[in-house]
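**Student:** One structure follows; several queries about it will come next.
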């Protein structure tokens with residue numbers, strides 16, 4: 072019986088080894104993937120990379136040769152993504168995703184952002200012609216760090232520092248976002264959107280329920296947020312339907328004047344006709 076049991080166990084092991092795997096075998100990666108994200112004001116910056124370990128090896132000038140382009144991590148090239156335009160080491164960089172390529176040197180590091188995203192993992196070769204920014208990296212000695220790690224440090228509403236740390240070395244590049252301009256644009260967009268929504272609501276209420284008093288309140292709110300030819304025309308139309316032609320003519324005239332400066336004054340004919348029709352009412 073003992074021999075039979077051993078034989079069955081052996082057969083099961085052979086079958087397990089020979090059978091195709093139904094799921095991937097999970098083991099620790101030599102260079103595990105990692106991601107770090109930082110919000111700088113309203114700009115999101117993220118870095119995706121693979122994190123190799125020192126493992127007792129000589130890193131700089133050996134595992135990572137001096138004066139040769141490096142993927143700035145393991146496996147494929149490290150990638151950085153900016154949600155808005157930034158300056159990277161003082162160089163203007165459009166929003167988007169780029170490969171981080173570094174040139175380690177005892178004379179001083181260079182850090183490049185490259186448009187080719189398949190570097191070091193596909194046949195695509197690194198070419199300086201695809202760099203959108205080449206800047207100097209500031210180096211500093213640090214306590215030993217076993218695994219390569221990217222860190223955002225000294226972050227404010229406008230600035231941050233991207234730090235590559237590995238072994239006993241830190242390489243840093245300053246990043247700056249134009250937060251004030253972006254915030255102003257967001258505010259203006261939100262105001263315009265709110266004004267448009269109030270104007271659309273005013274028109275809907277006037278046409279669907281004939282509740283001109285409620286519609287006028289919505290139109291007035293839209294004008295108070297951002298006076299433009301469209302909401303002034305909606306207001307004029309509601310006033311006219313309420314029998315308030317004198318006020319309607321004033322609002323229509325404002326709409327007409329603002330419309331002359333607008334790129335898409337698509338109610339031009341209606342406003343012009345209304346001004347003529349309401350003149351003697």
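Numbering (the working numbering), first residue to last: 72 to 352. Virtual Cβ for every residue (Gly too), placed ideally from N, Cα, C.
In or out: residue 276 buried (at least 16 other Cβ within 10 Å) or exposed?
**Tutor:** buried
**Student:** Taking buried to mean at least 16 other C-beta atoms within 10 Å of its own C-beta, is residue 159 buried or exposed?
**Tutor:** Of the residues assessed, residue 159 falls on the buried side of the cut-off, its CB having 16 or more other CB atoms within 10 angstroms.
**Student:** In whole angstroms, give me the CA-to-CA distance for residue 154 and residue 194.
**Tutor:** When the Cα atoms are used, residue 154 and residue 194 turn out to be separated by approximately 28 Å.
**Student:** Can at least three beta-carbon pairs, one atom from the stretch 306–317 and one from the stretch 335–351, be found at a separation below 8 Å?
**Tutor:** The answer is yes - the stretch 335–351 touches the stretch 306–317, with three or more Cβ pairs under 8 Å.
**Student:** On the three-state DSSP scale, how would you describe residue 268?
**Tutor:** helix
**Student:** Use the C-beta contact count for residue 303: other C-beta atoms within 10 angstroms, 16 or more gives buried, fewer gives exposed.
**Tutor:** buried
**Student:** Helix, strand or coil: how does DSSP classify residue 201 here?
**Tutor:** helix
**Student:** Along the chain, where does the alpha helix (DSSP H) containing residue 294 start, and where does it finish?
**Tutor:** 283–296
**Student:** Kindly indicate which three-state DSSP category residue 240 falls into: helix, strand or coil?
**Tutor:** strand
**Student:** Would the beta-carbon of residue 143 fall within 7 Å of that of residue 171?
**Tutor:** Cβ atoms of residue 143 and residue 171: closer than 7 Å.
**Student:** Below 8 Å, can you find three or more Cβ-Cβ pairs linking the stretch 208–215 to the stretch 167–186?
**Tutor:** yes
**Student:** Which of the three DSSP states is assigned to residue 217 in this structure?
**Tutor:** strand
**Student:** Taking just the CA atoms, how far does residue 262 sit from residue 256?
**Tutor:** 10 Å
**Student:** Could you pull the DSSP bridge partners for residue 158 from this structure?
**Tutor:** 163 and 247
**Student:** Tell me the rounded alpha-carbon separation between residue 132 and residue 189.
**Tutor:** 25 Å
**Student:** Please classify residue 97: is it buried, with 16 or more other beta-carbons within 10 angstroms of its beta-carbon, or exposed?
**Tutor:** exposed
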